[in-house]
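Colleague: Dropping a structure here in C-alpha cells format, bear with me for questions.
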C-alpha cells in the first residue's frame, strides 16, 4: 500500500555539489548544493539551483560562470563546512585549508583538492521559485591525474564521491557495483 | 596534477529515474533517465531531461505531466529493461511484470512496485540541446507504507535505491552512512 507523504522535495539519491564562483572583485567562493544534475549530453550541460539569498547566486549572475566540484568522502567535512558559513563574511577556502585554482576555460575557480571539477558557462537561468536554476554548459571536465586508469579513464570507485539524502539530511557513501547499464535488463528483454 | 578529460557529461553520482507517462490514448509507458535532479524547494520541483526522439518526450508534451519512480536495487533489472526497449512498440509494464497505477494528482501513471513515486505537473520546458529539460512541480510523494518508520518518516536505507555512474555506465548501490549534513562541518567552523 502506498502512503502519501505530501508535496516535498524528496528524492534519492541527490548529488553533493560544491559550486565555485568569483565575486565582482575576483574573490573566490564555494557553496554546497544538492539540487542539480546533468541535463544534456550535447552540448554537455549540468544544472544547479541556488537561492537568490546566497552569495554565490550573485556571483553566478555577475560572471555567468561556475564550477561544480565533487568532493571525495575524505573531504566531506570541508564540503559540509561550505554550507555552514557565507562567503559574504568568510574566506571559505582559507577556513577549510583548500586551494582555489582559476579555470582556464571560464571565469570561475575550482577546488584543487576535490577529485572532479566541471567548468561551466551559464546558458540558461530559470526562475523556478525559491530556487533559481542555472544551466551551465560543461566546457571541460578536470580530474586528478592520479585517479585515472591506464587508459586515462575515470570511474566512480576511484573518485569515491558520496551523496546527499534529503528528508533526514544525511550523507552516504557509494556502495557495491550492481552491474552494467543497458545490459542487466537484457535478461527480461529475452536477449 | 589535474588532467583535462574534455567537454562531456561526466558527474558522480547521477540518479536512476524511471519516468512514467501516458500517451494520447492513455496507454502507460515508462523510461529510464539519469539526467535530472531536484531543482526547487518551494514549490517542490524536480527536473528530468529527455531526448525528443523518445516516446516519453511526446507523452510529456501531450499530458504536461509525469511521474518519477525510484527503483530499489531488487528492481534494477526491470529499470534497466525500461531503457532497452521503446514504448512505441512494447508494453513495458507487461514485459517487466510491473503495475501502472493512475496518479490521483496528475495525468500520469506510477509504478506500484517501485518504493518511491513523485507525481509531477510540468511547469517549464527548456530546450537545452539534444535533451529537453522538463521541470515538474511535485504535487505529491508516495512511498510504500511498509517502508515508513514509526514516525511515518522515510530514509534512504529503507528505500535502497541505487545510482548511475556516467562514463563507464555502471550501477552502484548506496554505501555507508557518513554523517549528518549541516553538522559534520561544524568541527572546521570551530563550533
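Chains as they are written, first to last, in my numbering: chain A, 308 to 498; chain B, 308 to 498.
We put the CB at the ideal spot given by N, CA and C, even for glycine.
1. Give the secondary structure of residue 450 of chain A by DSSP, where H, G and I count as helix, E and B as strand, and everything else as coil.
2. Do you know offhand how far residue 422 of chain A's Cα is from residue 490 of chain B's?
3. Since residue 416 of chain A sits in a beta bridge, which residues does DSSP pair it with?
4. I need the straight-line Cα distance from residue 447 of chain A to residue 310 of chain A, nearest angstrom please.
5. Taking only three categories from DSSP, how would you classify residue 271 of chain A?
6. Which residue comes first and which comes last in the beta strand (DSSP E) that contains residue 502 of chain A?
7. Taking CB distances under 8 angstroms as the criterion, tell me whether residue 328 of chain B reaches chain A.
8. With 16 as the cutoff for other CB atoms within 10 Å, does residue 359 of chain A come out buried or exposed?
9. Using a Cβ cut-off of 8 angstroms (strictly closer), state whether residue 367 of chain A contacts chain B.
10. So residue 402 of chain B is in the alpha helix (DSSP H); what residue range does that whole segment cover?
11. Is DSSP giving residue 368 of chain B helix, strand or coil here?
12. In chain B, which residues lie with their C-beta within 8 angstroms of the C-beta of residue 489 of chain A?
13. Tell me whether residue 464 of chain B sits in a helix, a strand or coil according to DSSP, three-state version.
14. Suppose contacts are defined by Cβ-Cβ distances below 8 angstroms. Is residue 492 of chain A in contact with residue 388 of chain B by that definition?
15. Report yes if the CB atom of residue 412 of chain A is closer than 8 angstroms to the CB atom of residue 426 of chain A, and no otherwise.
16. Which word fits residue 399 of chain B, buried or exposed, when buried means at least 16 other C-beta atoms lie within 10 angstroms of its C-beta?
17. So with CB distances below 9 angstroms, who are the chain B contacts of residue 321 of chain A?
18. Between the C-alpha atoms of residue 378 of chain A and residue 353 of chain B, what's the straight-line distance to the nearest angstrom?
19. Using 10 angstroms around the beta-carbon of residue 369 of chain B, count the other beta-carbons present and answer buried if the total reaches 16, otherwise exposed.
20. Would you kindly check if the distance between the Cβ of residue 428 of chain A and the Cβ of residue 372 of chain A is under 8 angstroms?
21. Which chain A residues are close to residue 451 of chain B, counting only those with a beta carbon under 8 angstroms from its beta carbon?
22. Roughly how many angstroms lie between the CA atoms of residue 334 of chain B and residue 339 of chain A, to the nearest whole one?
23. By alpha-carbon positions, which one of B/342, B/367 and B/383 ends up nearest to residue 485 of chain A?
24. Note the first and the last residue of the continuous alpha helix (DSSP H) segment covering residue 388 of chain B.
25. What I want to know is whether the C-beta of residue 449 of chain B ends up closer than 7 angstroms to one or more non-hydrogen atoms of the ligand NAD.
26. Distance check for residue 318 of chain B and residue 407 of chain A, CA to CA, integer angstroms please.
27. Drop a sphere of 10 angstroms on the beta-carbon of residue 410 of chain A, count the other beta-carbons inside from all chains shown, and report buried for 16 or more, exposed for fewer.
28. Step through the CB atoms of chain B and report whether any lies within less than 8 angstroms of the CB of residue 492 of chain A.
29. For residue 460 of chain B and residue 403 of chain A, what's the separation of their Cα atoms in angstroms?
30. Per DSSP, which residues does residue 314 of chain A bridge with? Please list them.
31. Over what stretch of residues does the beta strand (DSSP E) that includes residue 434 of chain B continue unbroken?
32. Could you spell out the range, first to last residue, of the alpha helix (DSSP H) harbouring residue 495 of chain B?
33. Is the Cβ-Cβ distance between residue 473 of chain B and residue 322 of chain B less than 8 angstroms?
34. Is any beta-carbon of chain A found at less than 8 angstroms from that of residue 468 of chain B?
35. Please work out which residues of its chain come closer than 6 angstroms, Cβ to Cβ, to residue 393 of chain B, disregarding the five sequence neighbours upstream and downstream, and give them in chain order.
36. Enumerate in chain order the residues of its own chain whose CB-to-CB distance from residue 449 of chain B is below 6 angstroms, with the five nearest sequence positions on each side excluded.
Modeller: According to the data block:
1. Taking the first residue of the first chain as position 1, residue 450 of chain A is located at position 143. DSSP places residue 450 of chain A in strand when its eight states are reduced to three.
2. Taking the first residue of the first chain as position 1, residue 422 of chain A is located at position 115. Taking the first residue of the second chain as position 1, residue 490 of chain B is located at position 183. Roughly 23 angstroms between the two C-alpha positions.
3. Within the first chain, numbered from 1, the residue matching residue 416 of chain A stands at position 109. According to DSSP, residue 416 of chain A bridges with A/409.
4. Position 140 of the first chain, counted from the start, is the residue given in the question as residue 447 of chain A. Position 3 of the first chain, counted from the start, is the residue given in the question as residue 310 of chain A. Taking the straight line from one Cα to the other gives about 43 angstroms.
5. In the structure as shown, chain A starts at 308 and stops at 498, and residue 271 of chain A therefore has no counterpart that could be examined.
6. With chain A running from 308 to 498 in the structure shown, residue 502 of chain A is simply not present.
7. For this step, residue 328 of chain B is matched to residue 21 along the second chain. It does not: the Cβ of residue 328 of chain B has no partner Cβ on chain A nearer than 8 angstroms.
8. Counting from 1 along the first chain, the entry for residue 359 of chain A is found at position 52. Flag for residue 359 of chain A reads exposed.
9. Here the question's residue 367 of chain A lines up with position 60 in the first chain. So no, residue 367 of chain A is outside the interface.
10. For the purposes of this step, residue 402 of chain B is identified with residue 95 of the second chain, where counting begins at 1. Per DSSP, residue 402 of chain B belongs to the alpha helix (DSSP H) from 399-403.
11. As a working note, residue 368 of chain B is residue 61 in the second chain. Helix.
12. If you number the first chain from 1, residue 489 of chain A lands on position 182. Here the neighbours are 387, 390, 391 and 476.
13. Within the second chain, residue 464 of chain B is the residue found at index 157, counting from 1. The DSSP-derived three-state label of residue 464 of chain B is helix.
14. For this step, residue 492 of chain A is matched to residue 185 along the first chain. For this step, residue 388 of chain B is matched to residue 81 along the second chain. It is a contact, given that the beta carbons lie within the stated cut-off.
15. Taking the first chain and counting its residues from 1, one reaches residue 412 of chain A at position 105. Taking the first chain and counting its residues from 1, one reaches residue 426 of chain A at position 119. Yes, these two residues count as a Cβ contact at 8 angstroms.
16. One-based indexing of the second chain puts residue 399 of chain B at position 92. Buried is the call here.
17. Within the first chain, residue 321 of chain A is the residue found at index 14, counting from 1. Going along chain B in sequence order, the residues near residue 321 of chain A (Cβ under 9 angstroms) are 320, 322, 344 and 345.
18. Residue mapping note: residue 378 of chain A aligns to position 71 of the first chain, counting from 1. Residue mapping note: residue 353 of chain B aligns to position 46 of the second chain, counting from 1. Taking the straight line from one Cα to the other gives about 23 angstroms.
19. The residue labelled residue 369 of chain B in the question sits at position 62 within the second chain. With fewer than 16 other Cβ atoms within 10 Å, it is exposed.
20. For the purposes of this step, residue 372 of chain A is taken as the residue at position 65 of the first chain. For the purposes of this step, residue 428 of chain A is taken as the residue at position 121 of the first chain. Yes. Within cutoff.
21. As a position in the second chain, residue 451 of chain B is number 144, starting the count at 1. Going along chain A in sequence order, the residues near residue 451 of chain B (Cβ under 8 angstroms) are 308, 309 and 310.
22. For this step, residue 334 of chain B is matched to residue 27 along the second chain. For this step, residue 339 of chain A is matched to residue 32 along the first chain. Answer to the nearest angstrom: the Cα atoms are 41 angstroms apart.
23. In the first chain, residue 485 of chain A corresponds to position 178, counting from 1. Measuring from the Cα of residue 485 of chain A, the nearest candidate turns out to be B/383.
24. Working through the second chain from its first residue, we reach residue 388 of chain B at position 81. It spans 383-388 - the alpha helix (DSSP H) in which residue 388 of chain B sits, taken as one unbroken run.
25. The model on display carries no ligand, and the ligand NAD is accordingly not part of it.
26. Mapped onto the first chain, residue 407 of chain A falls at position 100. Mapped onto the second chain, residue 318 of chain B falls at position 11. Looking at the two C-alpha atoms, the distance is approximately 20 angstroms.
27. By one-based count along the first chain, residue 410 of chain A stands at place 103. Buried, since its Cβ has 16 or more Cβ neighbours within 10 Å.
28. Translated into positions along the first chain, residue 492 of chain A becomes position 185. By this cut-off, residue 492 of chain A is an interface position.
29. For this step, residue 460 of chain B is matched to residue 153 along the second chain. For this step, residue 403 of chain A is matched to residue 96 along the first chain. Near 34 angstroms, if we compare the C-alpha coordinates of residue 403 of chain A and residue 460 of chain B.
30. The sequence position of residue 314 of chain A within the first chain is 7, counting from 1. DSSP output for residue 314 of chain A lists no bridge partner at all.
31. As a first step, residue 434 of chain B is located in the second chain; it is residue number 127 there, counting from the start. For residue 434 of chain B, the enclosing beta strand (DSSP E) covers residues 423-434.
32. In the second chain, the residue the question calls residue 495 of chain B occupies position 188. In the DSSP annotation of this structure, the continuous segment of the alpha helix (DSSP H) that includes residue 495 of chain B starts and ends at 493-496.
33. Residue mapping note: residue 473 of chain B aligns to position 166 of the second chain, counting from 1. Residue mapping note: residue 322 of chain B aligns to position 15 of the second chain, counting from 1. In this structure, residue 322 of chain B does not lie closer than 8 angstroms to residue 473 of chain B by Cβ.
34. The residue given as residue 468 of chain B occupies position 161 in the second chain. For residue 468 of chain B, the answer is yes, since a Cβ of chain A falls inside 8 angstroms of its Cβ.
35. Counted from its first residue, the second chain places residue 393 of chain B at position 86. These residues qualify, in order along the chain: 362.
36. In the second chain, counting from the first residue as 1, residue 449 of chain B sits at position 142. For residue 449 of chain B, where only same-chain residues beyond five positions count, the Cβ hits under 6 angstroms are 424.
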